[in-house]
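Trainee: Here it is, the structure in full.
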Amino acid sequence: MANIRRGRQCRAQALRPSLRAVADAGTLGQPMKALRILILLALLSPSLAVADQKTKPLNFVFILVDDLGWTDLKCFGSSFYDTPNCDRLAASGMKFTNAYAACPVCSPTRASIMTGRYPTRTGVTDYIGAAAGKAWRRNTRLLPAVYTRQLELKELTLAEVLRGQGYATFFAGKWHLGNEGFWPEDQGFDVNQGGIQRGGPYGGKKYFSPYGNPRLKDGPDGEHLPDRLASETVKFMEQNKGQPFFAYLSFYSVHTPLMAREDLKQKYQARKKERGIGVKWGKEYSRNVRQVQEHAVYGGMVEAMDLAVGKVLDALDRMKLAENTVVFFMSDNGGLSTSEGHPTSNLPLRGGKGWMYEGGIREPMMVRWPGVTKPGSVSASPIISTDFFPTILELAGIKYQPPARIDGVSFTTALRGKPHDRGAIYWHYPHYGNQGCAPTGAVREGDWKLIEWYEDGKLELFNLKKDIGEKSDLAKMHPDKVKTLATQLANWRKDTGAKMPVPNKNFDPKKREGR
40 MANIRRGRQC RAQALRPSLR AVADAGTLGQ PMKALRILIL LALLSPSLAV ADQKTKPLNF
100 VFILVDDLGW TDLKCFGSSF YDTPNCDRLA ASGMKFTNAY AACPVCSPTR ASIMTGRYPT
160 RTGVTDYIGA AAGKAWRRNT RLLPAVYTRQ LELKELTLAE VLRGQGYATF FAGKWHLGNE
220 GFWPEDQGFD VNQGGIQRGG PYGGKKYFSP YGNPRLKDGP DGEHLPDRLA SETVKFMEQN
280 KGQPFFAYLS FYSVHTPLMA REDLKQKYQA RKKERGIGVK WGKEYSRNVR QVQEHAVYGG
340 MVEAMDLAVG KVLDALDRMK LAENTVVFFM SDNGGLSTSE GHPTSNLPLR GGKGWMYEGG
400 IREPMMVRWP GVTKPGSVSA SPIISTDFFP TILELAGIKY QPPARIDGVS FTTALRGKPH
460 DRGAIYWHYP HYGNQGCAPT GAVREGDWKL IEWYEDGKLE LFNLKKDIGE KSDLAKMHPD
520 KVKTLATQLA NWRKDTGAKM PVPNKNFDPK KREGR
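For the sequence shown, the numbering used here assigns the number 40 to the initial residue and increments by one for each residue that follows.
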C-alpha cells in the first residue's frame, strides 16, 4: 500500500492543508475521509451548499478518448470504422455537433475539464513535456511561450468537489498533467489506475501487458490496455454502486504508438481491400494531410476503444445503474491527420490535431442523461471542454461560488432540448505543434470564427455555418467583423493572463520551420 502526499493551497486564504492518501487501495478510512471533506468545505465556505435532493444522487461516467477525430465514429459520419457501442450511446442520448476541446493538443484540454478554466488561466497551454522558451532548439520565427508543466495543486478539481460531497471518485488511463505528486490521487481521485505523467502507453509492451506502468499492475501477457481500463472501471462501479460515484475513463487510445489487436487489424485490411480504398493526400501548408479514412491499424484501435465503451455501458445496464447515471463522451483534441503516421482523416473539417482549424479542435461529443436527454437527439449548441465542470456540479445539485474564476458555462439547458447560447469561445496556442501548425489564437462567436497567426499577425475569418471546411477566408469582405472579433480575442488574452511567444533572435529565415 503506497502512501501518496497530497497538497492543497487555498487561493483565497493562507490555508495550506496537507493530507496523506492511500492510492492503490482506492479507499480512505472514515476519519481521514471526514477530514478531507471538512478541508474542502473550508476551502469553499461559505459559498458551497448542496441542494436538497429528494431523489437519489446521480452517478457520473466520463469517457475521454485521446486523439479521436470528429468523424471517427459511425454516428459522426465514418463509413470505415465500426463503432456500434458509441453509436448506441448516441442513439440513447444527445449528440453535440459543435463541441470543442479547449486546445488542439491534449494536456491543456484535460486541465480544462478538471478545473472548468481556460488553459490560459491554469498555465497549461501545451502538452506537458514539450520544449518552450529558451529550451527551444527549432528554427522558428518565434520562441514558444513558457507554460506550466503540471496541473497545480492550488487548482480546485471536479473530482475534489465531488469527493467532498460524498462521491467515490475513480480515474483510469491517461493523465498527462504532471509528474508524481501531481497525479490523479493528488487531485481528488480515490483510485488511480494507470494515470501518470506519460502522454501515451510508452512502457513495457505499450498497448499490451506487461504495461510498465507504476499505477497499473500488469495483467496476463498480451492483455489489451483499453479492455483492461474498462474492466477496472466496471470493478470500481460494482464496488461503489451503493453510493454516488464519479468514474473517469480516460483512454490512452487512439494515441500513438499505432498498435492494434491482430484480429482487428486484419479485419480492416480486408475491408480496405474489399472496398478498393486507396490512400489520398492533400496539403495543409507544408504538411501532407490524409483525405480518406483507410488506415487498418487505426481502424482496429478505434474499434477496440468502442468495445471497451460497450463493456462499461453493458455493466451499467447489468447493475441497473444506467437510469441513474449520466454518461459523457468526448475527445481531447482532433484526429491526427498531418503527422506521426497520419492515421485518420477529419474531412469535411480542415486540418487535425495541433491545428487551430476545426479538424484540430472540434470533437465528437455525446451525453446521456436518462429521462432528460431525448434519445437520438442532436444539439448544434457550441460547447467547450471547460463547460463540463459547472454542468456536472449542477447535475449533482452542488451550488457554490468557486474560489477562482471559472470559465465554463453549464449546458443543462441544451441537455433539456432548449436553446443554449454560452457566448463566445476562445483558444490560445502560443506553441509550434508537432503536427505543423504555428502559434495561433482563435475566437468563435455565433457562426463566425477568427484565427490569428502570431508569427505575422495574419487574421483569417470563416463563416462555419456556410463553410465548415474553412475554405473561404472572408477577412477582406468583412473588415468590421474582423476588427470586432480581434479586439475580443485580445481583451480575452489580457483578462486570462495569456502568455505570448516572443521573437527568436536565432531565427534563420532561409531554413525556416513551420507553416
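Beta carbons: idealized from backbone N, C-alpha and C, even for Gly.
(1) So, is Val-351 buried or exposed, given that buried needs 16 or more other C-beta atoms within 10 angstroms?
(2) For Cys-145 versus Asp-105, is the C-beta spacing smaller than 8 Å?
(3) Near Pro-283, which residues of its chain fall below 6 Å by C-beta distance, leaving aside the five closest residues on each side in sequence?
(4) Roughly how many angstroms lie between the CA atoms of Gly-155 and Tyr-324, to the nearest whole one?
(5) Over what stretch of residues does the alpha helix (DSSP H) that includes Trp-531 continue unbroken?
(6) DSSP state of Gln-232, grouped into three classes?
(7) Just how far apart, CA to CA, sit Ile-102 and His-215?
(8) Return the Cβ separation of Glu-433 and Thr-451 in integer angstroms, given the expectation that the two are a contact with Cβ distance under 8 Å.
(9) In chain order, what residues of the same chain lie with their CB nearer than 6 Å to the CB of Glu-552, ignoring the 5 residues before and after it?
(10) Please report the residue range of the alpha helix (DSSP H) in which Asn-98 lies.
(11) Return the bridge partner residues of Gly-212 from the DSSP annotation.
(12) Count the other CB atoms within 10 Å of the CB of Gln-332; is the residue buried (16 or more) or exposed (fewer)?
(13) Alpha carbon to alpha carbon, what distance is there between Thr-383 and Arg-401?
(14) Are the Cβ atoms of Ser-248 and Gly-261 separated by less than 8 Å?
(15) What separation, rounded to the nearest whole angstrom, lies between the Cα atoms of Gly-398 and Phe-135?
(16) Can you tell me where the beta strand (DSSP E) holding Lys-488 begins and where it ends?
(17) If you measure between the beta carbons of Tyr-157 and Asp-371, is that distance less than 8 Å?
(18) Lys-173: buried (16+ other C-beta within 10 angstroms of its C-beta) or exposed?
(19) Going by CA-CA distance only, name the one from Ala-130, Gly-217, Ser-117 that's closest to Gly-162.
(20) Can you tell me where the alpha helix (DSSP H) with Arg-556 in it begins and where it stops?
(21) With DSSP collapsed to three states, give me the class of Glu-191.
(22) Could you tell me whether the Cβ of Ser-378 comes closer than 8 Å to any Cβ of chain C?
(23) Within 10 angstroms of the Cβ of Ser-15, are there 16 or more other Cβ atoms? Answer buried if so, exposed if not.
(24) When the Cα of Asn-473 is compared with those of His-381, Ile-490, Gly-485, Val-341, which residue comes out closest?
(25) If you draw a straight line from the C-alpha of Pro-458 to the C-alpha of Val-417, how long is it?
(26) Taking all protein chains shown into account, decide if Asn-530 is buried (16 or more other Cβ within 10 angstroms of its Cβ) or exposed.
(27) Can you name, in chain order, every residue of its own chain whose Cβ lies under 6 Å from the Cβ of Arg-160, other than the five neighbours on each side?
(28) For the beta strand (DSSP E) holding Ile-445, just list the boundary residues, first then last.
(29) Once DSSP output is grouped into helix, strand and coil, what is the label at Lys-274?
(30) Please determine, among Gly-475, Tyr-291, Asn-137, the residue with the shortest C-alpha to C-alpha distance to Ala-347.
(31) Distance check for Arg-329 and Gly-321, CA to CA, integer angstroms please.
(32) To the nearest angstrom, how far is the alpha carbon of Gly-393 from that of Ile-437?
(33) When you compare only the Cα positions, how much space is there between Trp-466 and Ser-511?
(34) With DSSP run on the structure shown, which of helix, strand or coil describes Asn-363?
(35) Only counting the same chain, and skipping five residues up and downstream in sequence, which positions put a Cβ closer than 6 Å to that of Ile-507?
(36) Tell me the rounded alpha-carbon separation between Ile-167 and Glu-191.
Mentor: With the given structure in hand:
(1) The residue labelled residue 351 in the question sits at position 312 within the sequence shown. It counts as buried.
(2) Walking along the sequence shown from the start, residue 145 turns up at place 106. Walking along the sequence shown from the start, residue 105 turns up at place 66. Yes; because the gap between Cβ atoms is below 8 Å, this pair is in contact.
(3) Within the sequence shown, the letter at position 244 stands for residue 283. So the qualifying residues of the chain are Pro-96, Asn-98, Tyr-206.
(4) Position 116 of the sequence shown, counted from the first residue, corresponds to residue 155. Position 285 of the sequence shown, counted from the first residue, corresponds to residue 324. Those two C-alpha atoms are separated by around 33 Å.
(5) Stepping through the sequence shown from its first residue, residue 531 is reached at position 492. It spans 518-535 - the alpha helix (DSSP H) in which Trp-531 sits, taken as one unbroken run.
(6) Start at 1 with the first residue of the sequence shown, and residue 232 comes out as number 193. Note: Gln-232 maps to strand in three-state DSSP.
(7) Taking the first residue of the sequence shown as position 1, residue 102 is located at position 63. Taking the first residue of the sequence shown as position 1, residue 215 is located at position 176. Each residue's alpha carbon lies about 16 Å from the other.
(8) Here residue 433 is taken as the residue at index 394 of the sequence shown, counted from 1. Here residue 451 is taken as the residue at index 412 of the sequence shown, counted from 1. Their Cβ separation, rounded to whole angstroms, is 5 Å, which keeps Glu-433 and Thr-451 in contact under 8 Å.
(9) Taking the sequence shown and counting its residues from 1, one reaches residue 552 at position 513. So the list reads Arg-177, Asn-178, Thr-179, once near-sequence residues are dropped.
(10) In the sequence shown, residue 98 corresponds to position 59, counting from 1. It is not in any alpha helix (DSSP H) - Asn-98 instead sits in the beta strand (DSSP E) that spans 98-104.
(11) As a first step, residue 212 is located in the sequence shown; it is residue number 173 there, counting from the start. DSSP lists Ser-289 as partners of Gly-212.
(12) Mapped onto the sequence shown, residue 332 falls at position 293. Classification for Gln-332: buried.
(13) Within the sequence shown, the letter at position 362 stands for residue 401. Within the sequence shown, the letter at position 344 stands for residue 383. Each residue's Cα considered, the two are about 15 Å apart.
(14) For the purposes of this step, residue 248 is identified with residue 209 of the sequence shown, where counting begins at 1. For the purposes of this step, residue 261 is identified with residue 222 of the sequence shown, where counting begins at 1. Yes. Within cutoff.
(15) Within the sequence shown, numbered from 1, the residue matching residue 398 stands at position 359. Within the sequence shown, numbered from 1, the residue matching residue 135 stands at position 96. Looking at the two C-alpha atoms, the distance is approximately 15 Å.
(16) Within the sequence shown, the letter at position 449 stands for residue 488. Looking at the DSSP string, the run of the beta strand (DSSP E) that includes Lys-488 is 487-492.
(17) Numbered from 1 along the sequence shown, position 118 holds the residue referred to as residue 157. Numbered from 1 along the sequence shown, position 332 holds the residue referred to as residue 371. Cβ distance not < 8 Å, so Tyr-157 and Asp-371 don't count as in contact.
(18) Here residue 173 corresponds to residue number 134 of the sequence shown, with the count starting at 1. Exposed, by the Cβ-count rule.
(19) For this step, residue 162 is matched to residue 123 along the sequence shown. Per the Cα distances, Gly-217.
(20) The structure shown has nothing for residue 556, since the chain only spans 40 to 554.
(21) Numbered from its first residue, the sequence shown carries residue 191 at position 152. Coil.
(22) Absence of chain C from the displayed structure is noted, only one protein chain being present.
(23) What is shown of the chain runs 40 to 554, which leaves residue 15 out entirely.
(24) As a first step, residue 473 must be located in the sequence shown, where it is residue number 434. It is His-381.
(25) In the sequence shown, residue 458 corresponds to position 419, counting from 1. In the sequence shown, residue 417 corresponds to position 378, counting from 1. Straight-line Cα distance between these residues: approximately 12 Å.
(26) Counted from its first residue, the sequence shown places residue 530 at position 491. Looking at its Cβ environment, which holds fewer than 16 other Cβ atoms inside 10 Å, Asn-530 is exposed.
(27) Residue numbering aside, residue 160 sits at position 121 when the sequence shown is read from its first letter. Answer for Arg-160: Thr-535, listed in chain order.
(28) The sequence position of residue 445 within the sequence shown is 406, counting from 1. Run containing Ile-445: none; DSSP gives neither H nor E here.
(29) Within the sequence shown, numbered from 1, the residue matching residue 274 stands at position 235. Three-state DSSP puts Lys-274 in a helix.
(30) As a working note, residue 347 is residue 308 in the sequence shown. Per the Cα distances, Tyr-291.
(31) Here residue 321 corresponds to residue number 282 of the sequence shown, with the count starting at 1. Here residue 329 corresponds to residue number 290 of the sequence shown, with the count starting at 1. Cα to Cα, Gly-321 sits roughly 6 Å from Arg-329.
(32) For the purposes of this step, residue 393 is identified with residue 354 of the sequence shown, where counting begins at 1. For the purposes of this step, residue 437 is identified with residue 398 of the sequence shown, where counting begins at 1. Their Cα atoms are separated by approximately 35 Å.
(33) Locating residue 466 in the sequence shown gives position 427, where the first residue counts as 1. Locating residue 511 in the sequence shown gives position 472, where the first residue counts as 1. Cα-Cα distance, rounded: 21 Å.
(34) Walking along the sequence shown from the start, residue 363 turns up at place 324. Asn-363 falls in the helix class under three-state DSSP.
(35) Residue 507 sits at position 468 when you count from the first residue of the sequence shown. Pro-387, listed in sequence order.
(36) Position 128 of the sequence shown, counted from the start, is the residue given in the question as residue 167. Position 152 of the sequence shown, counted from the start, is the residue given in the question as residue 191. Straight-line Cα distance between these residues: approximately 13 Å.
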